[in-house]
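Enquirer: This is the structure I have questions about; it appears just below.
In full-length UniProt numbering, the protein residues as written are 1 to 316.
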């Protein structure tokens, strides 16, 4: 009598010795071939992840440090603000850390994704449909996330090139103020009135940064047309010299000030302009001090500022 292969008793019957030896032989052969390959793939993936992390950390640290050279102005001696130098160094280190972390995470995902596909192939899984499905999913995700990708790419470029940093006073066209936060998606700026503006990095077309290199304090003077210009020049130059030699402003003023000639003139007034090179973002304090000192100097020298004059026409 032939045993029914579908009989529960037959299904639960333990394999014979020959069958067990055959299964063990197949398992040993698989471990000797595919098993060793899988172990090698795992070890290679871990080693590549470690090497990629080390290389990317060194790479971004070197790139950021080499790209942080301070530009000089030909023929002008500039005194650097130590606080600005320390802040710039901290900003460069933070930028290198952020960029290396992003790059290491991306490389880690790519390495382990490739390792997983290779392991699945060794196990016997047909990865061609999986790759095709991932390609379709990636294409759909790329089309649907174009805005996000644009913002992230712009954020990486901004971080890598150190265009803006936390604490900088910037003009982003859509918003102006102090940068409070910057990441791969958006930049947050606190306006002068306290409003917190969030601007997507992909929408930033131009950036005006008031906190890089140096700033220029600019004061335009409207002077009465009857004032003696030579006397005005002496008073303004004396004020500029005094503030440049004042120890209280030694870390703020980087170069001697400049007093221009007459910029404009009409029947009631003429204009003069004063410019002083200052540490980044500190020009407004110098401008306020200049106005106060020039006003006091004009008062002492009996020089009048221009006053608006109104002419009333009476029709007959």
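Don't be surprised by glycine CBs; every beta carbon is placed ideally from N, CA and C.
1. Quick one: what's got a C-beta closer than 7 Å to residue 318's C-beta in the same chain, skipping five residues either side?
2. With C-beta atoms as the reference, is residue 126 less than 9 Å away from residue 155?
3. Distance check for residue 153 and residue 203, CA to CA, integer angstroms please.
4. In this structure, what does DSSP give as the bridge partners for residue 176?
5. Under DSSP, the alpha helix (DSSP H) around residue 269 begins and ends at which residues?
6. What does the alpha-carbon distance come out to for the pair residue 227 and residue 255?
7. Pull the bridge partners of residue 185 from the DSSP assignment, please.
8. Indicate the three-state DSSP secondary structure (helix, strand or coil) for residue 153 in the structure shown.
9. Between residue 216 and residue 306, which are expected to be in contact by the criterion C-beta below 8 Å, what is the C-beta distance as a whole number of angstroms?
10. Within the continuous beta strand (DSSP E) that includes residue 224, where are the two ends?
11. With H, G and I counted as helix, E and B as strand and the rest as coil, what does DSSP make of residue 285?
12. Between which two residues does the alpha helix (DSSP H) carrying residue 260 extend?
13. Under 7 Å Cβ to Cβ from residue 164, same chain only, skipping five residues before and after it: list those, please.
14. DSSP three-state call for residue 131: helix, strand or coil?
15. Rank 198, 121, 242 and 258 by C-alpha distance to the C-alpha of residue 220 and give the top, closest one.
16. Taking DSSP as the reference, what is the three-state secondary structure of residue 209?
17. In angstroms with no decimal places, state the Cα-to-Cα distance between residue 110 and residue 248.
18. In whole angstroms, what is the alpha-carbon distance linking residue 299 and residue 195?
19. Helix, strand or coil for residue 264? Go by DSSP, reduced to three states.
20. Kindly give me the distance between the Cβ atoms of residue 320 and residue 243, rounded to whole angstroms, as I take these residues to be in contact under 8 Å.
21. Measuring only the C-alpha atoms, how far is residue 138 from residue 33?
22. Is it buried or exposed, residue 265, if we count other Cβ atoms within 10 angstroms and call 16 or more buried?
23. Grab me the residues of residue 192's own chain with a C-beta within less than 7 Å of its C-beta, minus the 5 sequence neighbours each way, in chain order.
24. How about residue 130 and residue 120: do their beta carbons lie closer than 9 Å?
25. Assuming residue 100 contacts residue 160 under a Cβ cut-off of 8 Å, what Cβ separation, rounded to an integer in Å, is found between them?
26. Just to confirm, is the Cβ distance from residue 168 to residue 281 under 9 Å?
27. So the candidates are 62, 261, 148 and 118; which of them puts its Cα closest to the Cα of residue 232?
28. Do you know offhand how far residue 201's Cα is from residue 301's?
Expert: Quick answer:
1. Nothing about residue 318 can be read from this structure; the chain reaches only from 1 to 316.
2. no
3. 12 Å
4. 171
5. Unbroken run through residue 269 is the beta strand (DSSP E), 269 to 278; no alpha helix (DSSP H).
6. 29 Å
7. According to DSSP, which records beta bridges pairwise, residue 185 is partnered with nothing at all.
8. helix
9. Actually they do not touch by this definition, with Cβ atoms about 24 Å apart.
10. 215 to 224
11. helix
12. Run containing residue 260: none; DSSP gives neither H nor E here.
13. 158, 170, 179, 182, 187, 207 and 209
14. helix
15. 258
16. strand
17. 56 Å
18. 39 Å
19. strand
20. The chain is shown only over 1 to 316; residue 320 falls outside these bounds and no answer can be derived.
21. 33 Å
22. exposed
23. 177
24. yes
25. That pair is no contact at about 11 Å.
26. yes
27. 261
28. 53 Å
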